[in-house]
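Structure record follows, encoded as structure tokens.
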């Protein structure tokens, strides 16, 4: 996780949606979420340094896209459930959010319903929409989470695979319960549910991670 810009504090979700759409139209990564105060806020980008984030924010302010802003540092990112919500509620919401995207096309490097998702873009956005931040790539997500032991897998955890051989993480999905998980499989496909116990995924399964 790197630096990002946070802007806006809207009572009406429509205002947050409009700002997010303006930012996406500028080819910036952006999403809106509701925080513990009940206000909708927008986060922008994933910058390697605070200086890069400030430069982009100042450009957006000069262009009249945003007004006030502040910079979110890596240590500021959420690593636990949103305030006021029980863990079981958060986990259920993560699955419900993921299921909304079933049928959306796969797109390498994608992280929006407009452009489509790749596997880690999907998991990142699902968590973001529930007020939790994840890194962008499957490898970063693997290293950022808490290892989940055998028999301890819970809905909303992320499941990881080595689909390119060896033991290197190259694919991720969201565990939905039972033997199921939801993922963005690859080029030419759409977001769908799959079975962890299938021959293909069982042979490539590396483990799971929790962020709650």
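In our numbering, the protein residues as written are 1154 to 1365. Each residue gets a CB set at the ideal place from its N, CA and C atoms; glycine is no exception.
Between residue 1329 and residue 1282, the gap from beta carbon to beta carbon reaches 8 Å or more. Of the other Cβ atoms in all chains shown, 16 or more fall within 10 Å of the Cβ of residue 1157; this residue is therefore buried. Three or more Cβ pairs drawn from the region 1190-1197 and the region 1159-1167 lie within less than 8 Å of each other, which places the two stretches in contact. Ranked by Cα distance from residue 1223, the options 1204, 1216, 1239 and 1240 are led by 1204. When C-alpha distances from residue 1323 are compared across 1331, 1309, 1173 and 1339, the shortest belongs to 1339. Nearest Cα to residue 1174 within the set 1345, 1303, 1225 and 1268: 1268. CA-to-CA, the gap between residue 1297 and residue 1363 works out to about 9 Å. Shown here, residue 1219 sits in coil according to DSSP, grouped into three states, outside any helix or strand. Relative to residue 1225, the option among 1286, 1352, 1172 and 1292 whose CA is nearest is 1286.
The shortest CA-to-CA distance from residue 1177 to any of 1197, 1161, 1187 and 1159 is the one to 1197. Contact check for residue 1337 against residue 1247 fails: the beta carbons are separated by 8 Å or more.
In the same chain as residue 1306, and ignoring 5 residues on each side of it, the C-beta atoms closer than 8 Å to its own belong to 1312, 1328 and 1361, in chain order. In the DSSP assignment, the residues bridged to residue 1363 are 1299. For residue 1328, the uninterrupted beta strand (DSSP E) segment begins and ends at 1324-1330.
Counting only residues of its own chain and dropping the five nearest sequence neighbours on each side, residue 1315 has a CB closer than 7 Å to the CB of 1321, 1322, 1323, 1357 and 1359. Residue 1255 sits exposed, since fewer than 16 C-beta atoms from the chains shown fall within 10 Å of its C-beta.
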